[in-house]
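Colleague: Before I ask anything, let me first share the structure, which is written out below as structure tokens.
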Amino acid sequence: MLKHFAGWLAMTLAAAAVPAGAQAQPIAQTATVRVTEQMAFYTAPRLSAQSVLVLNGNTGEPLYEKRVDQRQPIASISKLMTAMVLLDSGVSLDEPIAVTDAEIDRVKHTRSRLAVGTTLPRKEMLLLALMSSENRAAAALARTALPGGTRAFVARMNDKARQLGMSDSVFYDPTGLDMRNTSTARDLARMVKAAQNYPLIKEFTTTSQHEIYSVSNRLLQYRNSNALVREGSWDIALQKTGYINEAGHCMVMEATVGTQPLIIVILSSGGGQSRANDARAIKSWLESHPQSWLAAS
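Read left to right, the sequence shown gives residues -24 to -1, 1 to 273 (mature numbering (1 follows the signal peptide of the UniProt record, and there is no 0)).
Here it is in structure tokens:
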């Protein structure tokens, strides 16, 4: 167990910009980085992400904190909640469901290779939603899972968030395209912890690639949206990425560093590779001083 958390290393950084026009107003928080007393003698990595949380996966104790209570858009990280609600519903995963006009993105006008008319078993739709963040797959799952359609499904997502103690989180859609889907790093760590109890979520979020046939019988190859999964050098048990303009590049995951499972939340990172680079910096920092945190775990 990590016994001494009285000592904190504080480094004040520039505050993050709040997305303009957000309907669920994010809460600005001073960027104070905190690390455990055991790691306070080692320079903490300077990360591009606006919010970061690294937890000991066994004890829940924080190893690194930065704006962990700042509420902000979370993009496709929302799909972890979508998956949990779907699996909780008990609906058949073998039942074929079709993509319809209702799944066309009229918010961000994003593209999809799942053409209207594509029909796949619900389980395969879930794989595409979690592995490659396929928005039409997630939308079709929400529309077909419960009586009352998507509206009832999103209400269930918010119910689940409350049950998990995610008091600073709200969901407006199952895909994360709606920028009003907001949360905090602290709440998302709770969601990751809950998602660990779903073997299918762990399997699908860490699958590297998958192939399907389109409605025109053309072979389509999908790959994992997380570069760290694709490169194969990490021991990742569960993960989800996200991106919309208002959220920046985001990532949550459970990964083992050394012999220790960690929960890592990275929100509103800069460019396309920045979330992966932030994760690599965290891993390198911890691996450089294993005696300071592994021994205390």
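For each residue, glycine too, the CB sits at the ideal point set by N, CA and C.
1) Thinking C-beta only, is Q215 closer than 8 Å to T181?
2) Across the region 43 to 56 and the region 143 to 158, are there enough close Cβ pairs to call them in contact, namely three or more that are closer than 8 Å?
3) What span of residues does the beta strand (DSSP E) with Q139 cover, start to end?
4) Less than 8 Å between the C-beta atoms of A105 and M155, yes or no?
5) Using the Cα positions of M60 and M101, report the straight-line distance between them to the nearest angstrom.
6) Classify Y189 as buried or exposed, calling it buried when 16 or more other Cβ atoms lie within 10 Å of its own Cβ.
7) Within 10 Å of its beta-carbon, does P2 have 16 or more other beta-carbons around it, so buried, or fewer, so exposed?
8) How do the region 26 to 41 and the region 240 to 253 stand: do at least 3 beta-carbon pairs fall below 8 Å, yes or no?
9) Can you grab the Cα-Cα spacing for the pair N32 / N173, in whole Å?
10) Should D77 be flagged as near chain C, meaning a C-beta pair shorter than 8 Å?
11) So, V233 versus L204, is the Cβ gap smaller than 8 Å?
12) Return the first residue and the last residue of the alpha helix (DSSP H) that E37 is part of.
13) Is the beta carbon of R47 closer than 8 Å to that of T126?
14) Pick from T183, A113 and Q139: whose alpha carbon is nearest that of R89?
15) Starting from the C-beta of M133, find all residues in its chain whose C-beta is less than 6 Å away, skip the five residues before and the five after it, and write them out in chain order.
16) DSSP puts P72 in a beta bridge; with which residues?
17) Consult DSSP for A91 and reduce its assignment to one of helix, strand or coil.
Modeller: Short version:
1) yes
2) yes
3) Taken as a continuous stretch (DSSP letters only), Q139 belongs to no beta strand (DSSP E), being part of the alpha helix (DSSP H) at G125 to Q139.
4) no
5) 14 Å
6) exposed
7) For P2, the predicted model reports a pLDDT of 47, less than 50, meaning its position is unreliable; a value from the coordinates is still stated below. P2 comes out buried.
8) yes
9) 17 Å
10) Looking at the structure shown, chain C is missing, and only one protein chain is on hand.
11) no
12) Here E37 belongs to no alpha helix (DSSP H), and DSSP marks it neither H nor E.
13) no
14) A113
15) M57, V61 and F147
16) P97
17) coil
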